[in-house]
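Participant: This is the structure I have questions about; it appears just below.
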Amino acid sequence: MILRAFRTLFAVVLLSWGLGGGGVAFARAAPSLSSVTERHMAIRLVAESDAPRPGSAVDLAFRMVPEPGWHGYWKNPGDSGLEPAIEWQLPPGVTVGEFQYPVPHRLIVGGLMNYVYEGPYALLAKVSLAPDLAPGTRLPLRGKFDYLVCTKEVCVPESANVALELVVGAGTVDAARRADFDGFRRALPQPLGVTAKYQAEGELFRLGVPLPADAAVGDAYFYPLTDGAIDYAAEQKVGRNGDWLIVEAKSGSSMPESVAGVLQLGDRGLALVAQPGPVAAPTEAVAASGSSSATAGVLGILLAALVGGLLLNIMPCVFPILSLKALSLAKGGGEEMAVRRDALAYTGGAVLTCVTLGALVLALRAGGTAAGWAFQLQDPRVILLLLLLVLAIALNFAGLFELPSLAWGDKLSRRSGTAGAFWTGGLAAFVATPCTGPFMASALGAALILPPAIALTVFAMLGLGLALPFLLIGFVPALRRKLPKPGPWMGTFRRMLSIPMFLTALALAWVLGRQAGVGGMTIGLAAALAAGLSLWWLGASRGRAPAWARLAPAALALVLAVVVLPTDGVATAAPSSLASEPFSEPTLSAHLAQGKPVFAYFTADWCITCKVNEKAVLERPAVAQAFARNDVAVLVGDWTNGEPEIGRFLEKHGRSGVPLYLFYPANGTPKTLPQLLTISQVVSTVEKGS
Amino acid sequence: MMRMIFLAAAVALVAAPVAAEPKVGQPAPNFQLTDANGKRVSLNGFRGKTVVLEWNNPECPFVKKHYDSGNMQKAQARATADGAVWLTINSSAAGKQGYMAPAAAKAFAAKQASKRSAYLLDPSGRVGKLYGAKTTPHMYIINPKGTLTYIGGIDNKPSPNPADIATARNHVLAALTEMKAGKGVSVATSRPYGCAVKYAG
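Residue numbers (numbering that gives the first Met the number 0), protein chains in the order written: chain A, 0 to 689; chain B, 0 to 200.
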């Protein structure tokens, strides 16, 4: 969400920049369109180069700015709407290709899906010049551009006469214009490069996309270009199964022979075509916004919070409150109305207190985010914090230490009637923090990484769970005499609860090890030890020195550990036996100028072919040795996020996407290797060329 | 926050069971609606006749394309002359584009010269959703046995431009002609085009 907002902002900045920067060139070109005042979409036609070379192709951008509240449509508009169309009038020697669309977004109105652009966007089209065009030739491009622009309420078909004059020249591109177009190209989907599969069984449409298991997915959604394959408005479920990303959707009305579309992954899109074929069920759900897998995950968390709240009732410091109340109810008998009102008031008090605590945590989190902390599980520091938190909970359950109890509030809860019940509920949730604390802490842990609204709901569920027994005995009188009596069993139960907590701590230590390596895990475990000893001290010297003094070592250990902990995780920086440097054209030229052979390869995290080649060939010792023997410089171009410089380089080599493997011998012509590498072929290419 | 709204929407979608939309070859689900004159009209009452359903929103530019040019009225005249029943259905919700209160609908239906059999009001969107009507226009043909024989657009030129009508294939008239000749419908589904049906929400 933040990324998207940032991207929109970026687009706006680019646009305003372009409007100023492109002005000079624009004055030379014909006015882009006749101005019609009531139009709801501002359109400007710009070419990346106003003086393209003969025989070259240059990008043309339709810069579209819908009025606030209005939207334009993607190629497949969804349940309604219309794809834009243009009728060109072109001079001889000039052709214009199809529109290339940026990744759209979804707008559901009245249960109908619209694939749209609600902010400024650019449609790109390639203008190709015949090789025999003489420099200086004027090329007036004219077109009648028809498109639909809508609000959530009304749709208006609009038509614009667009025009632009290019002059055949040297192909110079102004730097600001280049930056604009790089921004536009970044918004386009990248070609996946391999064929996806789909199957339809009854109502279930399942799409399988080859995607490396460790590629980040983020917010995933499949935008179909082929009509009829899926029901657009039905929600999609996204899951993974090894090196496959699986999208499940409701089948549409007809089953086409192949299904084309764009798979949105977070902030980027992958253009793909799927052929019929068996697709395995996902083994793992991906939490994507609007998908039911996320809903299921959230429901699970909420249920856990409810159960957690329920468990709070048998904590030694809460249970007496509850049984006291239950007893008074049982004794009081009679007035059921008052009893129910009390039960509801108690529930209100408990829920409100929990939500207030949650809001406090969220406020702290917001402060942290503002300070640049990212509360994500990918960050080993967050894992470390959770590890220490869980360990402290486990040690508390095991009885190593007790938190000092809070005594105030007692007076409030003694007040009789509804207000008293309300305060008792609040008391149960808050004043009894010494033992509710550990569970609160679990909720706190969840609150750190969940969206705010869900985090608050988690706290509310905790409160509801806490109040549930009281609510039940309020409404079901028979239960009042069946409550177990408080006793030593509660202490035993609490100690038993430490076991799952210790196990959780163990699992977190393992995750930390995966993320930050053995060194990172050792630092984490040292911090855990320091925290444990410190809490032990706290427990042993109860009531003698102020608690904060004895917690200081633990806090210090924590701060040190977080600071020292290596944050670039092992998971992201996969060990490669290949020493390489990032690709850039200057780096390439520099190596070649030194007479060094260069192996340049272009990859992306989402490209399965690339990853297979890297694992099976490029990262093998035989290849690394061949590179080392021949003093080959290895350059890696990472196109995961559609880096425009790399995109242009790929295009220069006739590729629309990755992988691309190039070998530049010390002297001689560069060689393009096939997209599927073998060790012997890479080694022999390197040996021959050096 | 957006994420939360999405989630809420997803929950709402899951919670409200979505009945499968009828497909060509399946029985057309029955419905009852009130027409512009306040009369109750039931689909099953037309069993034995071919019925055409036309989703309509008089303010939608795509609907205007076919009405201002007389194209829709011509199709209505031809269909009803051949004994078919033509039901025009307006599923715009109150407050949305194309919605008409009963009195306004009566005046509108009386004013518009049309050979349709009835102008039906579906402000709750219940019938529109029952049939999966997505656009205005969105066309359905039901044969005398009550089976759906065509679902889709009015023609094969998805544009708001009336000039395209002359060269377009009118899928509805073509299907009616084929049905009358006892033949199967050659184009039984097509992608409807037009404005979104203005359902509530």
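C-beta: ideal position from N, C-alpha, C; glycine also. These numbers come from a predicted model, not from an experiment.
1. From the DSSP output, read off the bridge partner residues of F458/A.
2. Between the Cα of T150/A and those of G667/A, V108/A, P620/A, spot the shortest distance and give me the residue it belongs to.
3. Anything in chain B within Cβ reach of L81/A, meaning under 8 Å, just list it in chain order.
4. Check each residue of the segment 239-262 of chain A: if its Cβ is closer than 9 Å to any Cβ of chain B, include it; give the result in chain order.
5. Can we count V172/A as close to the ligand SAM, meaning its CB is less than 7 Å from some heavy atom?
6. How would you call V558/A, buried or exposed, if buried means at least 16 neighbouring beta carbons within 10 angstroms?
7. Is the CB of Y198/B under 8 Å away from at least one CB in chain A?
8. From G289/A to A186/A, what does the alpha carbon distance come to, in whole angstroms?
9. Using a Cβ-Cβ cut-off of 8 Å, state whether A167/B counts as contacting chain A.
10. Would a check of beta-carbon distances place K128/B closer than 8 Å to chain A?
11. Distance, Cα to Cα, A344/A vs G462/A?
12. Going along the chain, which residues of the segment 109-133 of chain A sit with their C-beta nearer than 8 Å to a C-beta in chain B?
13. What are the complete beta strand (DSSP E) segments, minimum 3 residues, inside the segment 619-672 of chain A?
14. Whose C-beta lies closer than 6 Å to the C-beta of P157/B among residues of the same chain, with five residues either side of it excluded?
15. To the nearest angstrom, how far is it from the Cα of K197/B to the Cα of P60/B?
16. Tell me which residues share the same chain as G512/A and place their Cβ nearer than 6 Å to its Cβ, disregarding the 5 neighbours each side in the sequence.
17. From the DSSP output, in three-state form, read off S90/B for me.
18. Looking at the structure shown, is Y192/B part of a helix, part of a strand, or coil, going by DSSP?
19. Whose C-beta lies closer than 6 Å to the C-beta of A84/A among residues of the same chain, with five residues either side of it excluded?
20. Taking CB distances under 8 Å as the criterion, tell me whether Q96/B reaches chain A.
21. Which word fits N75/A, buried or exposed, when buried means at least 16 other C-beta atoms lie within 10 angstroms of its C-beta?
22. Would you report the Cα separation of T668/A and L659/A, rounded to the nearest angstrom?
23. Name the DSSP bridge partner or partners of C149/A?
24. Which chain B residues are close to D266/A, counting only those with a beta carbon under 9 Å from its beta carbon?
25. Return no unless some Cβ of chain A is closer than 8 Å to the Cβ of A100/B.
26. Going straight from the alpha carbon of A199/B to that of A391/A, what length do you get?
27. With the cut-off set at 8 Å, would you say Q99/A and L123/A are in Cβ contact?
28. Go ahead and pull the three-state DSSP assignment for G251/A.
29. From G124/B, A80/B, P26/B, A78/B, pick the residue whose C-alpha is nearest to that of T33/B; which is it?
30. Using a Cβ cut-off of 7 Å, which residues of the segment 175-188 of chain B contact any Cβ in chain A, in chain order?
31. Could you pull out every residue in the same chain whose Cβ sits closer than 8 Å to the Cβ of A233/A, ignoring the five residues on either side in sequence?
32. Does the distance from the C-beta atom of F458/A to that of V381/A stay below 8 Å?
33. Less than 8 Å separating the beta-carbons of T135/B and R115/B?
34. Does DSSP classify L679/A as helix, strand or coil?
35. Classify A373/A as buried or exposed, calling it buried when 16 or more other Cβ atoms lie within 10 Å of its own Cβ.
36. Chain B beta carbons: is any one of them nearer than 8 Å to that of E152/A?
Facilitator: Working from what's here:
1. As a position in the first sequence, residue 458/A is number 459, starting the count at 1. In the DSSP output, where bridge partners are listed per residue, F458/A has none listed.
2. Taking the first residue of the first sequence as 1, we reach residue 150/A at position 151. Here the closest residue by C-alpha is V108/A.
3. Indexing the first sequence from 1 puts residue 81/A at position 82. Correct list: P157, S158, P159, Y192.
4. K249, S252, S253
5. Here there are no bound small molecules, and the ligand SAM is not part of this structure.
6. Translated into positions along the first sequence, residue 558/A becomes position 559. So V558/A counts as exposed.
7. For this step, residue 198/B is matched to residue 199 along the second sequence. Cβ-Cβ to chain A under 8 Å: yes for Y198/B.
8. In the first sequence, counting from the first residue as 1, residue 289/A sits at position 290. In the first sequence, counting from the first residue as 1, residue 186/A sits at position 187. Confidence at G289/A is low in this model, with a pLDDT of 41, below 50, so the placement of that residue should be treated as unreliable; the coordinate-derived value is given next. Cα-Cα distance, rounded: 22 Å.
9. Taking the second sequence and counting its residues from 1, the one referred to as residue 167/B is at position 168. Output row for A167/B: interface = no.
10. Within the second sequence, numbered from 1, the residue matching residue 128/B stands at position 129. For K128/B, the answer is yes, since a Cβ of chain A falls inside 8 Å of its Cβ.
11. Your numbering for residue 344/A matches position 345 in the first sequence. Your numbering for residue 462/A matches position 463 in the first sequence. Near 12 Å, if we compare the C-alpha coordinates of G462/A and A344/A.
12. G109, G110, L111, N113
13. 632-637, 659-663, 670-672
14. On the second sequence, residue 157/B is found 158 positions in, with the first residue counted as 1. Same-chain partners within the cutoff: Y192.
15. Here residue 197/B refers to the residue found at position 198 when the second sequence is read from its first residue. Here residue 60/B refers to the residue found at position 61 when the second sequence is read from its first residue. Going from the Cα of K197/B to the Cα of P60/B covers about 13 Å.
16. The sequence position of residue 512/A within the first sequence is 513, counting from 1. Closer than 6 Å at Cβ, skipping near neighbours: M520.
17. Within the second sequence, numbered from 1, the residue matching residue 90/B stands at position 91. If DSSP states are grouped into helix, strand and coil, S90/B belongs with coil.
18. Taking the second sequence and counting its residues from 1, one reaches residue 192/B at position 193. Coil at Y192/B, not helix or strand.
19. Counting from one through the first sequence, the residue named residue 84/A turns up at place 85. Hits under 6 Å: D145.
20. Residue mapping note: residue 96/B aligns to position 97 of the second sequence, counting from 1. Closer than 8 Å to some Cβ of chain A, the Cβ of Q96/B qualifies, so yes.
21. Here residue 75/A refers to the residue found at position 76 when the first sequence is read from its first residue. Burial call: buried.
22. Taking the first residue of the first sequence as 1, we reach residue 668/A at position 669. Taking the first residue of the first sequence as 1, we reach residue 659/A at position 660. For T668/A and L659/A, the distance between alpha carbons rounds to 16 Å.
23. The residue given as residue 149/A occupies position 150 in the first sequence. In the DSSP output, where bridge partners are listed per residue, C149/A has H70/A, C154/A.
24. One-based indexing of the first sequence puts residue 266/A at position 267. Near D266/A there are no residues of chain B at all, since even the closest Cβ is about 14 Å away, more than 9 Å.
25. Start at 1 with the first residue of the second sequence, and residue 100/B comes out as number 101. Not closer than 8 Å to any Cβ of chain A, the Cβ of A100/B fails to qualify, so no.
26. Taking the second sequence and counting its residues from 1, the one referred to as residue 199/B is at position 200. Taking the first sequence and counting its residues from 1, the one referred to as residue 391/A is at position 392. Answer to the nearest angstrom: the Cα atoms are 52 Å apart.
27. For the purposes of this step, residue 99/A is identified with residue 100 of the first sequence, where counting begins at 1. For the purposes of this step, residue 123/A is identified with residue 124 of the first sequence, where counting begins at 1. Contact: yes.
28. Translated into positions along the first sequence, residue 251/A becomes position 252. In the structure shown, G251/A sits in coil (DSSP, three-state: anything other than H, G, I, E or B).
29. To locate residue 33/B, count along the second sequence from 1; it is residue 34. It is G124/B whose Cα lies nearest to the Cα of T33/B.
30. T188
31. Here residue 233/A is taken as the residue at index 234 of the first sequence, counted from 1. The answer, listed in chain order, is A248, K249.
32. Counted from its first residue, the first sequence places residue 458/A at position 459. Counted from its first residue, the first sequence places residue 381/A at position 382. Not in contact: F458/A and V381/A (Cβ atoms no closer than 8 Å).
33. If you number the second sequence from 1, residue 135/B lands on position 136. If you number the second sequence from 1, residue 115/B lands on position 116. Not closer than 8 Å, so no.
34. In the first sequence, counting from the first residue as 1, residue 679/A sits at position 680. The sequence given here has Ser at residue 679/A, not Leu. S679/A falls in the helix class under three-state DSSP.
35. Taking the first residue of the first sequence as 1, we reach residue 373/A at position 374. Confidence at A373/A is low in this model, with a pLDDT of 41, below 50, so its placement is unreliable and no value can be given for it.
36. Translated into positions along the first sequence, residue 152/A becomes position 153. Closer than 8 Å to some Cβ of chain B, the Cβ of E152/A qualifies, so yes.
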